[in-house]
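Heads up: the sequence shown is residues 8 to 171, going by the numbering used here.
Read through the structure below, which is laid out as structure tokens, and then see the notes.
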Amino acid sequence: KEMLFTALQVFFTKNKNYTLDFYGDPFPEMHSLPFLYFTNRMPYDSYMRALVAGQYEFSISPLGSTEDSDAASFNRCKNPFKYLNYGCAGVPGIYSNATIYENSVTNLQTGILIENDYGSWLDALQTMSSNVELRQSISVNAFDDVNKNYHIKISADALAEIIF
Numbered sequence: 008k009e010m011l012f013t014a015l016q017v018f019f020t021k022n023k024n025y026t027l028d029f030y031g032d033p034f035p036e037m038h039s040l041p042f043l044y045f046t047n048r049m050p051y052d053s054y055m056r057a058l059v060a061g062q063y064e065f066s067i068s069p070l071g072s073t074e075d076s077d078a079a080s081f082n083r084c085k086n087p088f089k090y091l092n093y094g095c096a097g098v099p100g101i102y103s104n105a106t107i108y109e110n111s112v113t114n115l116q117t118g119i120l121i122e123n124d125y126g127s128w129l130d131a132l133q134t135m136s137s138n139v140e141l142r143q144s145i146s147v148n149a150f151d152d153v154n155k156n157y158h159i160k161i162s163a164d165a166l167a168e169i170i171f
């Protein structure tokens, strides 16, 4: 967590035109991130409307992985909702190279997958902020991937096969 906060501090110090909208529960270190704008919890449909209307250049989805065996074990049980939400909203994302994202995000095509270390986060933030073509490509590819491979019709068809 500390290396991520340090990378964010460095990035936002060098890129004062950027801010970070945070959707989620408050955390103790929030006060040390002056570029972070906290957004209270909201219903899912309001959240998705905010993502689409926000015209975000990119998103970040840090998640504990191999550097923290307890977090990695716990996070294997999760699903890639953040990728699905951001992809559906056309927001290109940077994702920790955790199992749930390794299995859904294709690096540099539908997102940027990175190791959870200071240099990787800082490089990915700089790359995403400076490469408009990459952001546009990831946005389109992630949107297409989510709608093609994660649409509810696919789950409904699989469930129908099991039941019938």
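Glycine included, each C-beta is placed from N, C-alpha and C at the ideal position.
Beta-carbon proximity check, residue i vs residue j, cutoff 8 Å
| i | j | result |
| --- | --- | --- |
| V17 | S66 | no |
| A105 | I119 | no |
| N86 | I101 | no |
| S136 | E64 | yes |
| L70 | S103 | yes |
Host alpha helix (DSSP H) of residue i (start-end)
| i | result |
| --- | --- |
| T13 | 9 to 21 |
| S137 | 125 to 137 |
| T106 | 106 to 109 |
| G94 | 88 to 96 |
| Y51 | 51 to 60 |
Residue i versus residue j: straight-line alpha-carbon distance, rounded
| i | j | result |
| --- | --- | --- |
| R56 | M49 | 11 Å |
| Y125 | N156 | 32 Å |
| L11 | I170 | 45 Å |
| K8 | E122 | 13 Å |
| N22 | G61 | 19 Å |
| Y44 | Y54 | 15 Å |
| D152 | G94 | 8 Å |
| D164 | S68 | 29 Å |
| L58 | A167 | 32 Å |
| D32 | N47 | 8 Å |
Unbroken beta strand (DSSP E) run spanning residue i, endpoints
| i | result |
| --- | --- |
| Y30 | 27 to 30 |
Option nearest residue i by Cα separation, candidates the options
| i | options | result |
| --- | --- | --- |
| R142 | E168, N114, N110 | N114 |
Count Cβ pairs between the region 38 to 45 and the region 9 to 28 that sit closer than 8 Å; are there 3 or more?
Contact between the region 38 to 45 and the region 9 to 28 is present: three or more C-beta pairs spanning the two stretches fall below 8 Å.
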